[in-house]
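Trainee: Take a look at this one; I'll ask things after.
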Amino acid sequence: MGIKGLLPLLESAAQDVHLSQYANTTLAVDASSWLHAGACGCAYDLLFGYQTLQYLDFTLRRLELMQSHAITPLLVFDGGALGVKSNRARQEGRAKARAQAEEALRQGRRSEAAESAKGAVGVSPRMVRTLIRRLRIMGIRFIVSPYEADPQLSFLVRHGHAAAAVTEDSDLLAYGCPRCLFKLDDNGNARALEFEDVQFVQRRENHLFAGSFEGEWEAWRGGLFADMCILAGCEYINSLPQVGVITAHQSLRDAAKNLVSGACEDWRDAALSRAAEALSRKYLNSNGAQSMSAIEYIEEVQRVRLVFRHQRVWDPQDRVVCPLSPIDGSISAPLAPDAQLDRYIGAPISADVARRLCELAEIDPVSLQPFAEEVEEAAPGAFGMGTMAAGTAADTVSTAAAAAAAETAGTTGDVVGQVERGAEGSSAGHGAAQSAASAAHAAAVAAMAAAMAMAAAVRAGVASSAVAAAAATRAAAAARRGSRRGRGEGRAEAVALVVAVEAAASAVGEG
């Protein structure tokens, strides 16, 4: 979700970087953002129930990109949800997008339905588990956060487990993440933002976070920055009407300056209450609604502060769950009694359970119980990450061919054509979009898809073994044409698989 308007406000502090600058380091990755980007690429299939693994494509390509620059990726997944977090607005938005997609599909506007579907899909637990299984096979490190991924990413960078966090979520800055990479593209370019550089941000030639009073930047770094994000509206509390990041910033700055001049000893903690009070007087009922009183609003923003300061995370060195920052005696009982504290920072988790969740990913992060069932997916084969990156995009080809056969909706010729077009599209289409090496990988997967579709057609009884074998042979030939675009090991892998499929097709035909 992110803090609306935050990244544009801080744009002057960001700088262009390239992944090659992070060679021989570890980068912690917001895995959900990559999975969601992949899901948008096959949103139509996911929304309308077509089996696909194409949502893995984006993540696998980015992993390959990182490793090509000698970077060790560390993927971080969301765990259990905090009690204070409401996903109502997000769920309503997805429901609306789904209704729009379904209506467009009923009217035969498939392209419009596919576009609306992007707003209707999210990252499901099944998708996460499927990706984690791939990461294990590939030897890629991962962590399942006990709760939110954002504080976990911040903890890893703060304590030297990663050089930076790769994300599209500005919330990481509210958690005080020292170094973030935003807007990473397929060529390895990104925008880097060092938290310490925020002190130099200017607006209309005036510094926003330093110079207004003595020790101002230390105050923003020490907690006022997160307070600004809270008042501007975040995932845990809505902003007041007409209050955005600029208004929240100015209100906090005024409150802190007045408290400092009045020699208030605990001015850093008091500034949030003072600013929230001033904003509530001016904006709380400006739209005619009264969802809470001023006192309730002030108390709630103080509680939400706990989320950004003390949410529980996994410490990979000590192998325990601990608060992002130590909890001291400053949390008063009326503000957050033990019965409510877990709603804001997450419940404690024992060391054994935490290890099974965060390290091994063998239990459900919500129930903390073993998963009810295993994820079924196509075997990735022995062709390495490049094959899987190109391969998952072609999984839909075999699924579509199998569906055409199983439904017996078309003739044998329909099945044959489906297989051939799928193989041709996978090898040629992916070959044009990717490098020559990826073209070879795509060709290999096209051949794999042909074999799967051949078997599906025979099982469904809408194609004889001879006809299916002939279709697979022609599909393999299309794949071979794609493999010629490859070089080196990638081409060798592709050719080997194509030959195997041709042999299998011949054997089936003779049988």
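Numbering (the UniProt record's numbering), first residue to last: 1 to 511. We treat Cβ as the ideally placed atom computed from N, Cα and C, and that holds for glycine. The structure presented is a predicted model; accordingly, all values stated were derived computationally and were not measured.
With DSSP run on the structure shown, which of helix, strand or coil describes residue 8?
Mentor: Here the question's residue 8 lines up with position 8 in the sequence shown. It is helical.
Trainee: Which same chain residues, not among the five before or five after residue 298, have their C-beta less than 8 Å away from its C-beta?
Mentor: Here residue 298 refers to the residue found at position 298 of the sequence shown. Result list for residue 298: 273, 276, 277 and 280, in chain order.
Trainee: Buried or exposed for residue 159, please, with buried defined as at least 16 other CB atoms from any protein chain shown within 10 angstroms of its CB.
Mentor: Stepping through the sequence shown from its first residue, residue 159 is reached at position 159. So residue 159 ends up on the exposed side.
Trainee: Which residue comes first and which comes last in the alpha helix (DSSP H) that contains residue 90?
Mentor: Counting from one through the sequence shown, the residue named residue 90 turns up at place 90. 88 to 106 is the extent of the alpha helix (DSSP H) around residue 90.
Trainee: How would you call residue 31, buried or exposed, if buried means at least 16 neighbouring beta carbons within 10 angstroms?
Mentor: For the purposes of this step, residue 31 is identified with residue 31 of the sequence shown, where counting begins at 1. By the 10 Å Cβ count, residue 31 comes out buried.
Trainee: Which first and last residues belong to the alpha helix (DSSP H) in which residue 250 is found?
Mentor: Residue mapping note: residue 250 aligns to position 250 of the sequence shown, counting from 1. Where residue 250 is concerned, the enclosing alpha helix (DSSP H) stretches over 245 to 261.
Trainee: With H, G and I counted as helix, E and B as strand and the rest as coil, what does DSSP make of residue 221?
Mentor: Position 221 of the sequence shown, counting from 1, holds the residue named residue 221. Residue state, collapsed to three classes: helix.
Trainee: May I have the straight-line CA-CA distance separating residue 363 from residue 353, to the nearest angstrom?
Mentor: Position 363 of the sequence shown holds residue 363. Position 353 of the sequence shown holds residue 353. Approximately 8 Å, taken between the alpha carbons.
Trainee: When you compare the CB positions of residue 307 and residue 344, do they come within less than 8 Å of one another, or not?
Mentor: Within the sequence shown, the letter at position 307 stands for residue 307. Within the sequence shown, the letter at position 344 stands for residue 344. Cβ distance < 8 Å, so residue 307 and residue 344 count as in contact.
Trainee: Whose CA, out of 171, 66 and 213, lies closest to the CA of residue 24?
Mentor: Position 24 of the sequence shown, counting from 1, holds the residue named residue 24. Among 171, 66 and 213, the Cα nearest to that of residue 24 belongs to 66.
Trainee: Could you tell me whether the region 171 to 182 touches the region 103 to 113, using the rule of 3 or more Cβ pairs below 8 Å?
Mentor: No contact exists between the region 171 to 182 and the region 103 to 113.
Trainee: Buried or exposed for residue 154, please, with buried defined as at least 16 other CB atoms from any protein chain shown within 10 angstroms of its CB.
Mentor: On the sequence shown, residue 154 is found 154 positions in, with the first residue counted as 1. It counts as buried.
Trainee: With distances taken from CA atoms, which of 319, 305 and 70 is nearest residue 325?
Mentor: Here residue 325 refers to the residue found at position 325 when the sequence shown is read from its first residue. For the residues 319, 305 and 70, the minimum Cα distance to residue 325 belongs to 305.
Trainee: Would you kindly check if the distance between the Cβ of residue 188 and the Cβ of residue 69 is under 8 Å?
Mentor: Looking up residue 69 in the sequence shown gives position 69. Looking up residue 188 in the sequence shown gives position 188. Yes; because the gap between Cβ atoms is below 8 Å, this pair is in contact.
Trainee: Could you check which residue in 319, 58, 181 and 48 has the C-alpha nearest to that of residue 104?
Mentor: Numbered from 1 along the sequence shown, position 104 holds the residue referred to as residue 104. Among 319, 58, 181 and 48, the Cα nearest to that of residue 104 belongs to 48.
Trainee: Let me know the secondary structure DSSP gives residue 16 once reduced to three states.
Mentor: For this step, residue 16 is matched to residue 16 along the sequence shown. In the structure shown, residue 16 sits in a strand (DSSP, three-state: E or B).
Trainee: Pull up the distance between the alpha-carbon of residue 266 and that of residue 161, whole angstroms please.
Mentor: Working through the sequence shown from its first residue, we reach residue 266 at position 266. Working through the sequence shown from its first residue, we reach residue 161 at position 161. So the two alpha carbons sit approximately 33 Å from each other.
Trainee: In its own chain, which residues sit with a C-beta less than 8 Å from the C-beta of residue 259, not counting the 5 before and 5 after it?
Mentor: Translated into positions along the sequence shown, residue 259 becomes position 259. Around residue 259: 267, 270, 271 and 274.
Trainee: By how many angstroms is the C-alpha of residue 71 removed from the C-alpha of residue 383?
Mentor: Here residue 383 is taken as the residue at index 383 of the sequence shown, counted from 1. Here residue 71 is taken as the residue at index 71 of the sequence shown, counted from 1. Bear in mind that the predicted position of residue 383 carries a pLDDT of just 29, short of 50, making it unreliable; the figure below should be weighed with that in mind. When rounded, the distance between both Cα atoms is 21 Å.
Trainee: Taking all protein chains shown into account, decide if residue 230 is buried (16 or more other Cβ within 10 angstroms of its Cβ) or exposed.
Mentor: Residue numbering aside, residue 230 sits at position 230 when the sequence shown is read from its first letter. Flag for residue 230 reads buried.
Trainee: Rounded to the nearest angstrom, what separates residue 359 and residue 28 at their Cα positions?
Mentor: Within the sequence shown, residue 359 is the residue found at index 359, counting from 1. Within the sequence shown, residue 28 is the residue found at index 28, counting from 1. Whole-angstrom Cα-Cα distance: 15 Å.
Trainee: From the DSSP output, in three-state form, read off residue 77 for me.
Mentor: Taking the first residue of the sequence shown as position 1, residue 77 is located at position 77. In this structure, residue 77 counts as strand in the three-state DSSP scheme.
Trainee: Can you give the Cα-Cα distance for residue 129 and residue 62, rounded to whole angstroms?
Mentor: Within the sequence shown, the letter at position 129 stands for residue 129. Within the sequence shown, the letter at position 62 stands for residue 62. Their Cα atoms are separated by approximately 18 Å.
Trainee: Can you give the Cα-Cα distance for residue 101 and residue 90, rounded to whole angstroms?
Mentor: One-based indexing of the sequence shown puts residue 101 at position 101. One-based indexing of the sequence shown puts residue 90 at position 90. About 16 Å.
Trainee: Take the Cβ of residue 16 as the centre, count every other Cβ of all protein chains shown within 10 Å, and call the residue buried at 16 or more, exposed below.
Mentor: Position 16 of the sequence shown, counted from the start, is the residue given in the question as residue 16. So residue 16 ends up on the exposed side.
Trainee: Which word fits residue 215, buried or exposed, when buried means at least 16 other C-beta atoms lie within 10 angstroms of its C-beta?
Mentor: Here residue 215 refers to the residue found at position 215 of the sequence shown. Exposed is the call here.
Trainee: Residue 193: which of 186, 203, 202 and 182 sits nearest, CA to CA?
Mentor: Against the sequence shown, residue 193 aligns to sequence position 193. Among 186, 203, 202 and 182, the Cα nearest to that of residue 193 is on 182.
Trainee: What three-state label does DSSP hand residue 552 in the structure shown?
Mentor: Nothing about residue 552 can be reported from this structure: the residues present for the chain run from 1 to 511 only.
Trainee: Could you check the C-alpha separation between residue 234 and residue 340 for me, to the nearest Å?
Mentor: Here residue 234 is taken as the residue at index 234 of the sequence shown, counted from 1. Here residue 340 is taken as the residue at index 340 of the sequence shown, counted from 1. Near 20 Å, if we compare the C-alpha coordinates of residue 340 and residue 234.
Trainee: Where does residue 237 sit, in a helix, a strand or coil, going by DSSP?
Mentor: Taking the first residue of the sequence shown as position 1, residue 237 is located at position 237. Three-state result, residue 237: strand.
Trainee: Looking at the strands, I want to know which residues DSSP matches up with residue 202.
Mentor: For the purposes of this step, residue 202 is taken as residue 202 along the sequence shown, with counting starting at 1. Partner(s): 207.
Trainee: Under 7 Å Cβ to Cβ from residue 327, same chain only, skipping five residues before and after it: list those, please.
Mentor: To locate residue 327, count along the sequence shown from 1; it is residue 327. Only 310 meet the Cβ criterion.
Trainee: Quick one, which of 245, 238, 320 and 125 has its alpha-carbon nearest residue 8's?
Mentor: The residue labelled residue 8 in the question sits at position 8 within the sequence shown. Among 245, 238, 320 and 125, the Cα nearest to that of residue 8 belongs to 245.
Trainee: Give the straight-line distance between the Cα atoms of residue 218 and residue 228, rounded to the nearest whole angstrom.
Mentor: In the sequence shown, residue 218 corresponds to position 218, counting from 1. In the sequence shown, residue 228 corresponds to position 228, counting from 1. Distance between the alpha carbons of residue 218 and residue 228: 14 Å.
Trainee: Within 10 Å of its beta-carbon, does residue 366 have 16 or more other beta-carbons around it, so buried, or fewer, so exposed?
Mentor: The sequence position of residue 366 within the sequence shown is 366, counting from 1. Label assigned to residue 366: exposed.
Trainee: Can you find a heavy atom of the ligand SAH that lies under 7 Å from the Cβ of residue 236?
Mentor: Ligands in the displayed structure: none, and consequently the ligand SAH is not present.
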